[in-house]
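Engineer: Submitted below is the structure of interest, expressed as structure tokens.
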Amino acid sequence: GQNIDQPTEMTATEGAIVQINCTYQTSGFNGLFWYQQHAGEAPTFLSYNVLDGLEEKGRFSSFLSRSKGYSYLLLKELQMKDSASYLCAVSPGRNAGNNRKLIWGLGTSLAVNP
Amino acid sequence: EAGVAQSPRYKIIEKRQSVAFWCNPISGHATLYWYQQILGQGPKLLIQFQNNGVVDDSQLPKDRFSAERLKGVDSTLKIQPAKLEDSAVYLCASSTTRQGSYNEQFFGPGTRLTVL
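So the sequences go chain by chain: P and H. For the first sequence, this note's numbering gives the first residue as -5, with consecutive numbering after it. For the second sequence, this note's numbering gives the first residue as 26, with consecutive numbering after it.
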């Protein structure tokens, strides 16, 4: 089967660094996405990794190890507005027409405290 | 650029009633997705269209759910009859199919359905 695991909840302090882990087992691999979802809102795209290594984008970075089926999202200089759910999603392959089906994790609810 | 539009934003119905949701994707996006998201969980794909063709509907409960995208632009998702367990947020997303792009999905605001 296809499975994505990430912690259910995490808490951190404003100004700190937090790492949200994601492990996956899928039939194929064609990229891993991280999305942010604030309560009551739609998910918004944060990052994409398809090759091993670290991708940095401002305060957010995402890492991928394909051999280990592992990724993490690193959030630096945490702000209160970073309190949200963080969703890990894997594309196991491409369908016809180059479009993607994503397998989604359950999400990690991050609470940033003052 | 306008985002993904969905309506209604909220809907309350009684079990066994019917309901329909509408989605208009970002202009030019060939791929459209309908997801069901239950509180505290990740999105579950119900159906994926490319233009007006169905790419994946393996998780759509076809005895009660139907969806169409007749002209390859906007789409409608229908539930008939609704059950209590259908209470969820229904998200519509769209993406491009450009070669060489990671084609991230852009989501609409969702429709929150409550079945009483």
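Positions of the beta carbon are idealized from the N, C-alpha and C atoms, including for glycine. Fair warning: this is a prediction, and the values are worked out from it, not measured in the lab.
Who are the near neighbours of K70(P) in its chain, counting only those whose CB is closer than 7 Å to its CB and skipping five residues on each side?
Structural biologist: I11 and R53
Engineer: Run through DSSP, which three-state label would D111(H) get?
Structural biologist: helix
Engineer: For K75(P), does the three-state DSSP call read helix, strand or coil?
Structural biologist: helix
Engineer: For A92(H), does the three-state DSSP call read helix, strand or coil?
Structural biologist: strand
Engineer: Can you check whether the C-beta of Y127(H) is within less than 7 Å of a C-beta belonging to chain P?
Structural biologist: yes
Engineer: Just to confirm the assignment, what range does the beta strand (DSSP E) spanning Q130(H) have?
Structural biologist: No beta strand (DSSP E) contains Q130(H), which DSSP labels as neither H nor E.
Engineer: Quick one: residues in its chain with C-beta nearer than 8 Å to the C-beta of M74(P), no 5 flanking neighbours on either side, listed in chain order?
Structural biologist: Spatial neighbours of M74(P) in its own chain (CB-CB distance under 8 Å, excluding positions within 5 residues in sequence) are listed in chain order as E8, V106 and P108.
Engineer: Determine the direct distance from the alpha carbon of F27(P) to that of A83(P), and round the result to whole angstroms.
Structural biologist: 5 Å
Engineer: Say whether chain H places a C-beta atom closer than 7 Å to the C-beta of K95(P).
Structural biologist: yes
Engineer: Thinking G135(H) and W98(P) are a contact (beta carbons under 8 Å), I'd like their distance in whole angstroms, please.
Structural biologist: In fact, because the Cβ distance is near 15 Å, the residues do not count as touching under 8 Å.
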